[in-house]
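S.K.: Sending over a structure as structure tokens; questions will come in a sec.
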Amino acid sequence: MKILIIEDELALSQTVEEFLKSENFLTETAHDFHAGLEKALTYDYDCVLLDIMLPGGSGLDILMALKEEHKKQPVLILSAKDSVEDKVLGLEIGADDYLAKPFHLAELLARVKSIIRRNARDGEKLLQYKNVTVDPDNRQVMVDGKEMVLNRKEYDLFYYFMLRPNKLMEKTSLIESVWGDSSDQADSLDFIYSQIKNIRKKLKEAQAEMDLQAVYGVGYKLV
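So the sequence shown is numbered by the numbering used here: it starts at -3 and just counts up by one.
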């Protein structure tokens, strides 16, 4: 799962980023309005952590831009401005929740997981397709009630597909979902093929009623 942190306080941004990484999230950061707006509009995230007061503009304007572009990016506002007016306005514009600074990291994690659950899976705790069930909180994959063990990269890729069954996913989107800001460091897309191959093998061995189908020259989809 990929999180975008739009926060100009560098120490706080780094603390949140390191904490979320320790919880197996992929993170990207932006420290001003323009960088945050560009990333939020260009890429897809499971959740955006958004500060209101940013150099160059307001986080509320980023919310407005997401709404105008019909980008359904779940947003959690993080701001020292704890007035009722700011909270109500943010939620009316399209934010999913509001967390005032200072906050405990454990509470942040709970809010993020709740938002992702509500938006990605219509409020259901478990994600299920055919005879496969994914428990995102425990990063566990079950096939007919038996665990199918995946490593971290394999799980991240498979979860990405499980959120979008029968949808063609381009290779570039897949590499961004796993590498994030470091995607340009990959010399080729061969490692995606390797991960896909491993997942397909494990799905077959576990007798899952699905497969990752290659679409030549484009990408893959879960069928």
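By construction, the Cβ of each residue, glycine as well, lies at the ideal position given by its N, Cα and C atoms.
Model, not experiment: these values are computed from the prediction.
1. Using 8 Å as the threshold, is the stretch -2 to 5 in touch with the stretch 14 to 33, meaning 3 or more CB pairs across them?
2. Under 8 Å, Cβ to Cβ, is there at least one residue of chain C near D131?
3. Per DSSP, which one or two residues make a beta bridge with R215?
4. Just to confirm my understanding: we take E14, look at its own chain, exclude 5 residues before and 5 after, and list those with CB closer than 6 Å. What are they?
5. Quick check: the stretch 127 to 147 against the stretch 96 to 106, are at least 3 beta-carbon pairs closer than 8 Å?
6. What are the residues that DSSP puts in a beta bridge with M138?
7. Using only the alpha-carbon positions, how far apart do K67 and N115 sit?
8. Identify which residue in K167, R196 and R160 has its Cα closest to the Cα of E150.
9. What number of angstroms, rounded off, separates the C-alpha of E16 from the C-alpha of K126?
10. Between the C-alpha atoms of L123 and V84, what's the straight-line distance to the nearest angstrom?
11. The beta strand (DSSP E) spanning Y94 covers which residue range?
12. Is the beta carbon of D47 closer than 8 Å to that of P70?
13. Within 10 angstroms of the Cβ of Y216, are there 16 or more other Cβ atoms? Answer buried if so, exposed if not.
14. Please state whether DSSP places Q10 in a helix, a strand or coil.
15. Along the chain, where does the beta strand (DSSP E) that runs through K(-2) open and close?
16. Beta-carbon within less than 7 Å of G213's beta-carbon, same chain only, minus the 5 sequence neighbours each way: which residues are those?
17. Do you know offhand how far K109's Cα is from G32's?
18. Between K142, L72, S190 and I192, which has its C-alpha nearest A202's C-alpha?
19. In this structure, does DSSP put Q181 in helix, strand or coil?
20. Note down, in chain order, each residue of its chain lying with its Cβ closer than 8 Å to the Cβ of D54, except the 5 sequence neighbours on either side.
M.R.: For this structure:
1. A contact is defined here as three or more CB-CB pairs under 8 Å, and the stretch -2 to 5 meets this definition with respect to the stretch 14 to 33.
2. Checking the listed chains, one finds no chain C in this structure; it contains a single protein chain.
3. The question names Arg, but residue 215 is Gly in the sequence shown. Note: G215 sits in a beta bridge opposite E166 and V211.
4. none
5. Here the stretch 96 to 106 makes no contact with the stretch 127 to 147; the two share fewer than three CB pairs at distances below 8 Å.
6. T129 and E143
7. Spanning the two alpha carbons is a distance of roughly 13 Å.
8. Of the candidates K167, R196 and R160, the one whose C-alpha sits nearest the C-alpha of E150 is R196.
9. Checking the sequence, you will find Leu at residue 16 rather than Glu. Roughly 30 Å between the two C-alpha positions.
10. 31 Å
11. D93 to A96
12. no
13. buried
14. helix
15. That run of the beta strand (DSSP E) goes K(-2) to I2.
16. none
17. Taking the straight line joining both Cα atoms gives about 21 Å.
18. K142
19. Since pLDDT at Q181 reaches only 46, below the 50 mark, its modelled position is unreliable, and the value read off the structure follows with that caveat. Q181 carries a helical assignment under DSSP once its states are collapsed to helix, strand and coil.
20. A small correction: the amino acid at residue 54 is Ser; Asp does not occupy that position in the sequence shown. The answer, listed in chain order, is F29 and I48.
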